[in-house]
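From first to last, the protein sequence lines are chains A and B.
Be aware that the first sequence starts at 166, since it is given in this note's numbering, and climbs by one per residue.
Be aware that the second sequence starts at 166, since it is given in this note's numbering, and climbs by one per residue.
Quick notes on the structure that follows.
Protein chains: 2
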Amino acid sequence: MYPNEKYPSQTLREAVEAIGSLPGVGSRSALRLALHLLGQPAENIRHFASAIGRLADDVHWCRTCQMIADGDECAICADRSRDHRTICVVESVRDVMSIEATGQYRGVYHVLGGIISPIDGIGPSDIHIRELVERIDRMHAEDAAVTDLPGGDSESRGSIEIILALSGDVEGETTSLYIYRQIEGKDVKVSTLARGLGFGDDLEYADALTLGRSIVARQPFKP
Amino acid sequence: MYPNEKYPSQTLREAVEAIGSLPGVGSRSALRLALHLLGQPAENIRHFASAIGRLADDVHWCRTCQMIADGDECAICADRSRDHRTICVVESVRDVMSIEATGQYRGVYHVLGGIISPIDGIGPSDIHIRELVERIDRMHAEDAAVTDLPGGDSESRGSIEIILALSGDVEGETTSLYIYRQIEGKDVKVSTLARGLGFGDDLEYADALTLGRSIVARQPFKP
């Protein structure tokens, strides 16, 4: 047996512990991955470590929507062809990527960076709700400035829509409600994702809550 | 959609690609792990990257057995209480750790760092076979030096045993045979691992080859 708790090298032990700290990676997998890396040319290992390390220093956050970006503004906010008056509020970077992958959405986003969860000690001020409220206020102020110009007409810019696209669990519902209370009365349309059976879902395997709500919120049949 | 092949940031894309290059880690898992890291404090990310990066520069190899070590000599070769005349030849660092974990072996090791595999273009000179032969020659030379001293007696140091502990597949068998040919006639005892049904194995689920060999190589019953 080795002095370093069964590892033949302190360096290997630290690498295994680092990899094993990732969610869903057990200690055996961590050892396997560390030994795989160890078997690579030194240049590859350095490249790997550097790619990870840059996550600490080279990732920027969009000043408008809090999405990760390569600079001060993300590619979506920088895209003038998108509908900047429809803002989809999501919990995480991952959610933006999932919605973008559908190719169905042409608006912009607002990334909260978390969800209100008293159990985890995350309150409204820990996520980017204030930034959303300020963003809406700023849009209204800009609209008003345009209206004040000779011939200006804020109506022509269209209304603002906020889509609350949070998860359907207690934390998601709580966060949606909290945000709604913050922005109601601000002259914005607030919507949320359609919920029901997934396309292709079998009734037999649907959970009772989803199936029940799908019946209550039934929609006109479109042949 | 993003310009960087669906990634909102070049840095994120490179991190995901690096993680996804690990064996058994798919692109979805890689994204999940990269976003997990991204959600950590910068200090944690740097610590993680540094722990990996040190695999490139801070891992040493034992000059005697080619095991990874913290210095020029591994903890096992440095341990004078072990039997340095019994050398277990294994393919990899992982194998040493597996055998050490059994707590059943008190000899030392020789890590080949690979296995002869013509398909993968790995020949005898690509793995540490020459070092094993030289190691045996060196031990014999040391024995002779002791014998030459007044009152010296090489017999008292005991014979040298080489345990070929390689895998049971074609590459392992080929490598074992190759090593045997190199060291036969060098006054060493050569042995290999016992093979048969695992302890607790059910006959019903044993593969035919293992079961067949277990019958042919049957052992005296010890009540």
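We put the beta carbon where it would ideally sit given N, CA and C, even for glycine.
Mapping the DSSP letters down to three states, classify residue i as helix, strand or coil.
i        : result
B:His293 : coil
B:Gly337 : helix
B:Arg193 : helix
A:Ser319 : Confidence at A:Ser319 is low in this model, with a pLDDT of 48, below 50, so its placement is unreliable and the value that follows should be read with caution. Helix at A:Ser319.
A:Met166 : With a pLDDT of only 48 at A:Met166, under 50, the local geometry of the prediction cannot be trusted, and the value read off the model is given with reservation. A:Met166 falls in the coil class under three-state DSSP.
A:Ser174 : coil
B:Ser356 : strand
B:Arg247 : coil
A:Cys253 : strand
B:Glu265 : helix
A:Tyr274 : strand
B:Ala234 : strand
B:Leu200 : helix
B:Ile114 : Outside the displayed span of chain B (166 to 388) sits residue 114 of chain B, for which this structure offers no information.
B:Ser186 : coil
A:Ile328 : strand
A:Ile210 : helix
A:Ile287 : strand
For residue i, return the contacting residues in chain A, with the cut-off set at a CB-CB distance below 9 Å.
i        : result
B:Pro173 : Cys227, Met232, Ile233, Ala234, Asp235, Cys239, Ala240, Ile241, Val258, Val261, Met262 and Glu265
B:Thr312 : What B:Thr312 touches in chain A: nothing, since even the nearest Cβ is about 34 Å away.
Can you list the residues of chain A that residue i reaches, using a CB-CB cut of under 8 Å?
i        : result
B:Pro188 : Arg197, Leu198 and His201
B:Thr251 : Neighbours of B:Thr251 on chain A: none; closest Cβ ~17 Å, over 8 Å.
B:Val255 : Within chain A, no residue comes near B:Val255; the closest Cβ sits about 12 Å away, beyond 8 Å.
Taking 8 Å as the threshold (C-beta atoms), are residue j and residue i in contact?
i        : j        : result
B:Ile292 : B:Leu277 : yes
B:Ile281 : B:Tyr343 : yes
B:Ile380 : B:Gln347 : no
A:Ile233 : B:Leu177 : yes
A:Val224 : B:Leu203 : yes
A:Gln175 : B:Asp222 : no
A:Cys253 : A:Gly272 : yes
B:Gly361 : B:Ala382 : yes
B:Lys171 : A:Ala183 : no
B:Ala214 : A:Ala371 : no
What does residue i touch in chain A if you count any residue whose Cβ is under 7 Å from its own?
i        : result
B:Ile287 : Near B:Ile287 there are no residues of chain A at all, since even the closest Cβ is about 12 Å away, more than 7 Å.
Ordered along the chain, which non-local residues of its own chain (more than five positions away) have a Cβ less than 8 Å from that of residue i?
i        : result
B:Arg322 : Arg250, Asp308 and Val311
A:Ser356 : Glu326, Ile327, Ile328 and Leu329
B:Val255 : Val261, Ile264, Tyr274, His275, Val276, Leu277, Ala330 and Leu331
A:Ser319 : For A:Ser319, the predicted model reports a pLDDT of 48, less than 50, meaning its position is unreliable and no value from the coordinates is stated.
B:Glu296 : Gln231 and His275
A:Ser341 : Leu329, Leu331 and Thr357
Which residues in the same chain as residue i place their Cβ atom closer than 6 Å to its Cβ, once the five residues preceding and following it in sequence are excluded?
i        : result
B:Gly389 : As displayed, chain B neither begins before 166 nor continues past 388, which places residue 389 of chain B out of reach and without an answer.
B:Val181 : Ala195, Leu196 and Ala199
A:Leu358 : Ala330
B:Asp237 : Arg228
B:Asp302 : none
Any heavy atom of the ligand GTP inside 7 Å of the beta-carbon of residue i?
i        : result
A:Trp226 : For the structure depicted, the ligand GTP is absent and the ligand set is empty, with no information on it obtainable.
Who are the near neighbours of residue i in its chain, counting only those whose CB is closer than 7 Å to its CB and skipping five residues on each side?
i        : result
A:Met304 : Ile325
B:Thr339 : Ile281
A:Pro289 : Ile281 and Tyr343
B:Val298 : Gln347 and Ile348
B:Gln205 : none
For a contact defined as C-beta to C-beta under 7 Å, what are the partners of residue i on chain B?
i        : result
A:Arg211 : Gly218 and Ala221
A:Thr375 : In chain order: nothing, as chain B lies at least about 24 Å away.
Going along chain B in order, which residues have a C-beta closer than 8 Å to the C-beta of residue i?
i        : result
A:Glu179 : Ala216 and Arg219
A:Ala183 : His212, Phe213, Ala216 and Ile217
By the criterion of Cβ-Cβ separation under 9 Å, what are the contact partners of residue i in chain B?
i        : result
A:Ala207 : Leu220, Ala221 and Asp222
A:Thr339 : Chain B residues near A:Thr339: none, gap ~20 Å exceeds 9 Å.
*Are three or more beta carbon pairs between the segment 242-261 of chain B and the segment 306-313 of chain B nearer than 8 Å?*
With contact defined as three or more Cβ pairs closer than 8 Å, the segment 242-261 of chain B and the segment 306-313 of chain B are not in contact.
*May I ask you to verify whether the segment 188-200 of chain A touches the segment 363-377 of chain A, counting CB pairs closer than 8 Å and requiring at least 3?*
no
_Between the segment 234-242 of chain B and the segment 222-238 of chain A, can you find at least three pairs of beta-carbon atoms closer than 8 Å?_
no
*Evaluate the contact criterion for the segment 253-262 of chain A versus the segment 322-334 of chain A: three or more CB pairs, one atom per stretch, below 8 Å.*
At 8 Å Cβ cutoff, the stretches touch.
*Just checking, does the segment 201-211 of chain A make contact with the segment 213-223 of chain B on the three C-beta pairs under 8 Å criterion?*
yes
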